[in-house]
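Note that numbering that gives the first Met the number 0 has the sequence shown beginning at 0, numbered continuously upward.
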Amino acid sequence: MNDDARTNIGTPAPAPTPGDPGSAELRDQVERTRDELGKTVEALAAKADVKAQAKEKAAAVKDQAAE
């Protein structure tokens, strides 16, 4: 290991500057992103569920025929 590599070990992170998002703000952003991803996955799963789509269509046609 060279001297340069040893001097960087344990070096503290730079201090946050004004305008940088704080850790609480970043956590909120991560939580919102997770929620959005969850909704996207649910929507994609629903589109991929052909059996459920067929049942919904059959029920709609049945209701329409009953009118």
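Even for Gly, the Cβ is constructed at its ideal location relative to N, Cα and C. Note that this is a predicted model, so its numbers are computed, not measured.
Legend entry - Simplified DSSP state of Thr-39, which is helix, strand or coil: helix
Legend entry - Ala-58 - containing alpha helix (DSSP H), residue span: Membership of Ala-58 in the alpha helix (DSSP H) is indicated by the continuous run 49-65.
Inset, instruction - Confirm, please, whether the CB-CB distance from Pro-17 to Gln-28 is below 9 angstroms. - result: no
Legend entry - Alpha-carbon spacing of Ala-70 relative to Arg-31, whole angstroms: A question about residue 70 goes unanswered here, because the residues of the chain that appear run from 0 up to 66.
Inset, instruction - Helix, strand or coil for Asp-34, going by three-state DSSP, please let me know. - result: The answer is helix: DSSP assigns Asp-34 an H, G or I state.
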